[in-house]
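Note that the numbering used here numbers the sequence shown so that position 67 is 113, with each residue one more than the last. Cβ coordinates follow ideal geometry from the N, Cα and C atoms, glycine included. Reviewing the structure listed below.
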Amino acid sequence: MSAEDFDAIIAAHFQPGDAVLETDIASFDKSQDDSLALTALMLLEDLGVDQELLDLIEAAFGEITSVHLPTGTRFKFGAMMKSGMFLTLFINTLLNIVIACRVLRDKLSSSACAAFIGDDNIVHGVRSDPLMAERCASWVNMEVKIIDATMCEKPPYFCGGFILYDSVAGTACRVADPLKRLFKLGKPLPADDNQDEDRRRALKDETVKWSRIGLREELDVALSSRYQVSGVGNITRAMSTLSKNLKSFRKIRGPIIHLYGGPK
47 MSAEDFDAII AAHFQPGDAV LETDIASFDK SQDDSLALTA LMLLEDLGVD
97 QELLDLIEAA FGEITSVHLP TGTRFKFGAM MKSGMFLTLF INTLLNIVIA
147 CRVLRDKLSS SACAAFIGDD NIVHGVRSDP LMAERCASWV NMEVKIIDAT
197 MCEKPPYFCG GFILYDSVAG TACRVADPLK RLFKLGKPLP ADDNQDEDRR
247 RALKDETVKW SRIGLREELD VALSSRYQVS GVGNITRAMS TLSKNLKSFR
297 KIRGPIIHLY GGPK
């Protein structure tokens, strides 16, 4: 699904004042146990995955032992999801839906719109109740933080961005989180990296959205409610300047630093 398709679905259902439920499961990968691993395998079998591949996936889910060579310390890892597996995102999304169905029950089936990816989810038109977190803890052994969001008052957060209502266009859309985007600009990269132009174009697309008249005030409300910060307009304008051309974008790079005694 493209970003445009996602925005079209959001625009058709999310209106000012609508209730939206978010859940944040702590350490989702590490919290998965044998029961969830078996659930994932059964879902993959129902979806038609070949038995030979299922056997390999089951082995990957199984208990592994790791040895710290300098000290000889041995660590055992159970059925938790291992980072880097080729189906981590897909399986986590399926399990996320399973947990939501188990905890929300009829509230999920009666919702007009819900979105799931990895361990992120938003469910339109649902408010929390005191039993939701207890069900998640007792039934699936996971600690969950439940957030009641409201469009235009405390905007919902999904997949690294806010669901905001554009007061000029009269539709809702997803807008990238400027602070998270800013922090990503400081990520260390290899000296031979050559993807700055792709990163610049992606940042340019996001800065165009941040500067839309109908979203500016909504974005301020969203950042204030989530991070208790204000004056983020200076940050978005600075990132807009950086994204104008490749020469400007490369100003975020400092001198090359050689680590671990590598080539100089």
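Roughly how many angstroms lie between the CA atoms of residue i and residue j, to the nearest whole one?
i    : j    : result
N280 : E252 : 15 Å
S48  : R151 : 29 Å
A72  : V278 : 28 Å
V275 : L269 : 6 Å
D92  : V144 : 14 Å
S156 : G94  : 28 Å
L140 : I298 : 38 Å
N291 : Q97  : 50 Å
C147 : P176 : 17 Å
E189 : S174 : 15 Å
K191 : K293 : 43 Å
T119 : V113 : 6 Å
T287 : Q241 : 19 Å
I302 : R181 : 51 Å
D239 : R283 : 26 Å
Which one of the options has the shortest CA to CA distance from residue i?
i    : options                   : result
Y211 : I303, A161 and W256       : W256
E104 : F295, R181 and M131       : M131
E109 : D101, L228, I303 and K122 : K122
G171 : I298, R299, A54 and Q61   : Q61
G300 : L90, L231 and T287        : L231
L133 : E243, L100, K191 and A54  : L100
W185 : V214, V149 and D51        : V149
D53  : I302, D239 and G216       : G216
R183 : L154, I259, H59 and D70   : It should be noted that the sequence gives Ala, not Arg, for residue 183. For A183, the nearest C-alpha among the options comes from D70.
S213 : I303, D242 and G260       : G260
D194 : M188, A179 and N187       : A179
D75  : R181, R283, F107 and A161 : F107
Sorted by chain position, which residues of the same chain lie with C-beta nearer than 6 Å to residue i's C-beta, five sequence neighbours on each side aside?
i    : result
N138 : G164 and D165
K226 : G206
K200 : S271
H59  : A158, C159 and H170
C198 : P62 and Y211
Looking only at its chain, what residues have a beta carbon closer than 7 Å to the beta carbon of residue i, apart from the 5 residues adjacent to it on each side?
i    : result
Y273 : L225
T33  : Past the edges of the chain, shown from 47 to 310, lies residue 33, and the structure says nothing about it.
L228 : I281 and M285
I56  : I209, A218, C219 and R220
S289 : R246, L249, K250, T253 and F295
L89  : L140
K153 : V172
A161 : N167, I168 and F204
With a threshold of 9 Å between beta-carbons, can residue i be considered close to chain B, or not?
i    : result
C219 : Reference to chain B is not applicable here, since this structure consists of a single protein chain.
Residues in the same chain with beta-carbon distance under 8 Å from residue i, minus the five sequence neighbours each way, listed in chain order, please.
i    : result
L135 : I163 and G164
S77  : I71, M126, N187, M188 and E189
T196 : G63, D64, A65 and V66
Point to revise | Segment contact flag, the stretch 221-231 with the stretch 251-265, C-beta cutoff 8 Å, min 3 pairs | key: yes
Practice item. Count the CB pairs spanning the stretch 233-252 and the stretch 164-175 that are closer than 8 Å, and state whether there are at least three. Key: no
Practice item. Only counting runs of 4 or more residues, tell me where the alpha helix (DSSP H) segments fall wholly within the stretch 227-262, in order along the chain. Key: 242-256
Practice item. Indicate whether the contact test is met: 3 or more Cβ pairs, each with one atom in the stretch 78-95 and one in the stretch 238-252, closer than 8 Å. Key: no
Practice item. For the stretch 196-213 and the stretch 52-67, state whether three or more C-beta atom pairs, one from each stretch, are separated by less than 8 Å. Key: yes
Practice item. Please list the segments of the alpha helix (DSSP H) lying wholly inside the stretch 63-124, counting only runs of 4 or more residues, in order along the chain. Key: 74-77, 80-92 and 97-107
Practice item. For the stretch 117-190, list the alpha helix (DSSP H) runs that are entirely contained and at least 4 residues long, ordered along the chain. Key: 134-150, 152-155 and 177-186
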